[in-house]
Amino acid sequence: MLLPSAYDPGVVAALSGVDAKQIRHVFFVACGGSLSIMHPAKFMLDQHLDMPSDVYNAAEFVARAPRRLDQQSLVILCSMTGTTKETASAAAYARTKGAVTIGLTLDAKSPMGQAVDHVVGFEAPYTTGVPIDAKDSNYARIYQLVLGFVALAGGEDLTQPLIDSLQALQPAIDRAHTTFAPQFESYAPGFAKKDVIYTVASGASYGAAYSFAICVLMEMQWINSHAIHANEFFHGPFEVLDKDSTFILLKGLDSTRPLEDRADEFLHRFGAVENILVLDAETLDLTGIDAQFRGNLVPLIFFDTLWRFAYKIAELRQHEMLEGRRYMKKLAY
Ligand SMILES: N[C@@H]1[C@@H](O)[C@H](O)[C@@H](COP(=O)(O)O)O[C@@H]1O
5 MLLPSAYDPG
15 VVAALSGVDA
25 KQIRHVFFVA
35 CGGSLSIMHP
45 AKFMLDQHLD
55 MPSDVYNAAE
65 FVARAPRRLD
75 QQSLVILCSM
85 TGTTKETASA
95 AAYARTKGAV
105 TIGLTLDAKS
115 PMGQAVDHVV
125 GFEAPYTTGV
135 PIDAKDSNYA
145 RIYQLVLGFV
155 ALAGGEDLTQ
165 PLIDSLQALQ
175 PAIDRAHTTF
185 APQFESYAPG
195 FAKKDVIYTV
205 ASGASYGAAY
215 SFAICVLMEM
225 QWINSHAIHA
235 NEFFHGPFEV
245 LDKDSTFILL
255 KGLDSTRPLE
265 DRADEFLHRF
275 GAVENILVLD
285 AETLDLTGID
295 AQFRGNLVPL
305 IFFDTLWRFA
315 YKIAELRQHE
325 MLEGRRYMKK
335 LAY
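Under the working numbering, think of the first position of the sequence shown as 5, with each following residue one higher.
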């Protein structure tokens with residue numbers, strides 16, 4: 005089976021090292037922001053292949069030592085820097101069990117890059133400040149890996165429509181910035197004064213809500229936060245809702261959207277409209293993105309546009325985004 009010529013050469017090389025028909029379990033393993041892309045990757049695999057898979061924090065993966073991890077396992081890891089020691093250790097651990105390991109990273113020579121069987125590169129704007137095309141991002145590469153694997157394992161071959169959709173993604177993101185700009189403009193001053201901001205989403209969008217809560221609001225802005233699954237919201241968290249509590253709700257286009265709709269209705273029933281920022285993918289122009297992938301790709305749009313919202317908040321709070329850390333990579337832990 006041939007993958008499309010527009011497929012990333014690193015993904016093609018990595019998949020050529022996997023005997024897909026022999027794999028009986030896929031593990032998605034990473035930490036922090038890199039872990040956040042594993043939820044939508046699993047979502048895509050669940051949609052398209054009868055294949056069990058799990059998402060693990062890298063340290064938990066090693067500590068839990070799943071019995072099912074063996075030479076018929078495919079372990080997909082991601083570490084942007086490649087220096088996260090938990091992720092490098094997870095790769096080494098998976099190899100001791102005979103699993104095939106593929107690692108996404110910016111740096112093939114990093115500890116994680118060297119610990120895996122196959123490295124897949126990607127681009128990230130946040131470290132260099134140089135804007136990228138979203139088709140070269142970690143999400144885009146892991147989606148290529150997942151659907152390439154699906155096709156090679158005997159599932160439907162959706163690799164060409166995926167590649168076509170990824171080509172249309174950056175223009176859609178650029179248009180989304182314009183669509184969401186008025187909302188960001190009006191919500192930023194109020195949100196910049198808040199001590200707590202929750203994020204809410206489900207399905208393919210949950211990862212974007214998770215990374216925005218832990219890596220942006222908490223890590224970069226020291227604002228208390230928590231990513232609440234849109235249905236788990238009704239199983240405890242909704243008790244904190246009042247006219248002062250503050251939420252960002254992501255309404256995507258995957259099959260779990262009804263869960264987000266229900267949260268939306270309840271948030272607006274008891275919350276104050278000025279404290280509930282709803283990003284609704286239905287308002288976006290997604291021309292060129294295949295309908296079957298819109299739910300998978302809108303999280304990239306949410307994350308990219310929310311990043312701009314975060315910078316607005318950071319400016320109003322006079323709290324730097326990337327340099328403001330007290331502990332991360334500043335001391336031993
Ligand atoms: N907030 C950072 C994330 O931005 C980063 O993704 C993660 C892992 O880093 P890396 O992707 O380099 O392994 O560490 C922290 O959680």
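For every residue, glycine included, the Cβ atom is placed at its ideal position computed from N, Cα and C.
**Asked** Out of L283, S141 and G152, which has the shortest C-alpha to C-alpha gap to T183?
**Response** Start at 1 with the first residue of the sequence shown, and residue 183 comes out as number 179. When only C-alpha atoms are compared, the closest one is L283.
**Message:** Within a Cβ cutoff of 8 Å, which residues of the same chain sit near I27, ignoring the five residues on either side of it in sequence?
**Reply:** Along the sequence shown, read from residue 1 onward, the residue named residue 27 stands at position 23. Within the same chain, I27 has close Cβ partners M55, Q76, S77, L78, V104, F153 and A157.
**Message:** Under 7 Å, CB to any heavy atom of ligand 1. Which residues pass, going along the chain?
**Reply:** A34, C35, G36, G37, S38, C82, S83, M84, T85, G86, T87, T88, T91, I218, C219, E223 and M332
**Local conformation of T291 per DSSP, three classes** = Taking the first residue of the sequence shown as position 1, residue 291 is located at position 287. Reduced to three states, the DSSP call for T291 is coil.
**Message:** What does DSSP give as the partner residue(s) for G107 in the beta ladder?
**Reply:** On the sequence shown, position 103 is the one that residue 107 refers to. Beta-bridge pairing links G107 to L81 and V123.
**Item:** Limits of the unbroken alpha helix (DSSP H) element including A18
**Value:** For the purposes of this step, residue 18 is identified with residue 14 of the sequence shown, where counting begins at 1. Going by DSSP, A18 is part of the alpha helix (DSSP H) stretching over P13 to S20.
**Message:** Within 10 Å of its beta-carbon, does G4 have 16 or more other beta-carbons around it, so buried, or fewer, so exposed?
**Reply:** The structure shown does not extend to residue 4, since the chain spans only 5 to 337, so no value can be given for it.
**Message:** Suppose you measure from the CA of E223 to the CA of E64; what does that come to, to the nearest Å?
**Reply:** For the purposes of this step, residue 223 is taken as residue 219 along the sequence shown, with counting starting at 1. For the purposes of this step, residue 64 is taken as residue 60 along the sequence shown, with counting starting at 1. Roughly 21 Å separates the two Cα atoms.
**Request:** In angstroms with no decimal places, state the Cα-to-Cα distance between I41 and A276.
**Result:** On the sequence shown, residue 41 is found 37 positions in, with the first residue counted as 1. On the sequence shown, residue 276 is found 272 positions in, with the first residue counted as 1. About 31 Å.
**Request:** Taking only the alpha-carbon atoms, compute the straight-line gap between L286 and V302 and give it to the nearest angstrom.
**Result:** Stepping through the sequence shown from its first residue, residue 286 is reached at position 282. Stepping through the sequence shown from its first residue, residue 302 is reached at position 298. Looking at the sequence provided, one finds Glu at residue 286 rather than Leu. Using only the alpha carbons, I get a separation of about 10 Å.
**Asked** Would the segment 159–169 and the segment 6–18 be scored as touching if the rule is three or more Cβ pairs under 8 Å?
**Response** yes
**Item:** Secondary structure of I136, DSSP reduced to three states
**Value:** Taking the sequence shown and counting its residues from 1, one reaches residue 136 at position 132. Coil at I136, not helix or strand.
**Request:** Using the Cα positions of A112 and A119, report the straight-line distance between them to the nearest angstrom.
**Result:** Taking the first residue of the sequence shown as position 1, residue 112 is located at position 108. Taking the first residue of the sequence shown as position 1, residue 119 is located at position 115. Roughly 10 Å separates the two Cα atoms.
**Asked** Does DSSP put D199 in a helix, in a strand, or in coil?
**Response** If you number the sequence shown from 1, residue 199 lands on position 195. DSSP places D199 in coil when its eight states are reduced to three.
**Prompt:** So, using beta-carbon positions, are L254 and A213 closer together than 8 Å?
**Reply:** Within the sequence shown, the letter at position 250 stands for residue 254. Within the sequence shown, the letter at position 209 stands for residue 213. Yes.
**Prompt:** In three-state terms, what does DSSP make of A318?
**Reply:** Translated into the one-based positions of the sequence shown, residue 318 becomes position 314. Note: A318 maps to helix in three-state DSSP.
**Request:** Could you check if N279 is buried or exposed, using at least 16 other CB atoms within 10 Å of its CB as the buried criterion?
**Result:** Walking along the sequence shown from the start, residue 279 turns up at place 275. With 16 or more other Cβ atoms within 10 Å, it is buried.
**Prompt:** So is L162 buried or exposed if we call it buried at 16+ other beta carbons inside 10 Å?
**Reply:** For the purposes of this step, residue 162 is taken as the residue at position 158 of the sequence shown. Classification of L162: buried, given that the 10 Å Cβ count is 16 or more.
**Request:** Use the C-beta contact count for N300: other C-beta atoms within 10 angstroms, 16 or more gives buried, fewer gives exposed.
**Result:** Numbered from 1 along the sequence shown, position 296 holds the residue referred to as residue 300. Per the 10 Å Cβ criterion, buried.
**Request:** Could you give the DSSP three-state label for A34: helix, strand or coil?
**Result:** Indexing the sequence shown from 1 puts residue 34 at position 30. Strand.
**Request:** Go to H239, then tell me how far its alpha helix (DSSP H) extends in each direction, as first and last residue.
**Result:** Against the sequence shown, residue 239 aligns to sequence position 235. That residue, H239, is in no alpha helix (DSSP H); it is neither H nor E in DSSP.
**Asked** Are the beta-carbon atoms belonging to S38 and K46 less than 8 Å from one another?
**Response** Residue numbering aside, residue 38 sits at position 34 when the sequence shown is read from its first letter. Residue numbering aside, residue 46 sits at position 42 when the sequence shown is read from its first letter. For S38 and K46, no; Cβs fall outside 8 Å.
**Message:** Suppose you measure from the CA of L326 to the CA of Y315; what does that come to, to the nearest Å?
**Reply:** For the purposes of this step, residue 326 is identified with residue 322 of the sequence shown, where counting begins at 1. For the purposes of this step, residue 315 is identified with residue 311 of the sequence shown, where counting begins at 1. L326 and Y315: Cα-Cα distance of roughly 10 Å.
**Prompt:** From Q171 to I293, what does the alpha carbon distance come to, in whole angstroms?
**Reply:** Position 167 of the sequence shown, counting from 1, holds the residue named residue 171. Position 289 of the sequence shown, counting from 1, holds the residue named residue 293. Taking the straight line joining both Cα atoms gives about 8 Å.
**Item:** Option nearest A267 by Cα separation, candidates D289, E243 and D248
**Value:** Residue numbering aside, residue 267 sits at position 263 when the sequence shown is read from its first letter. Nearest of D289, E243 and D248 to A267, Cα basis: E243.
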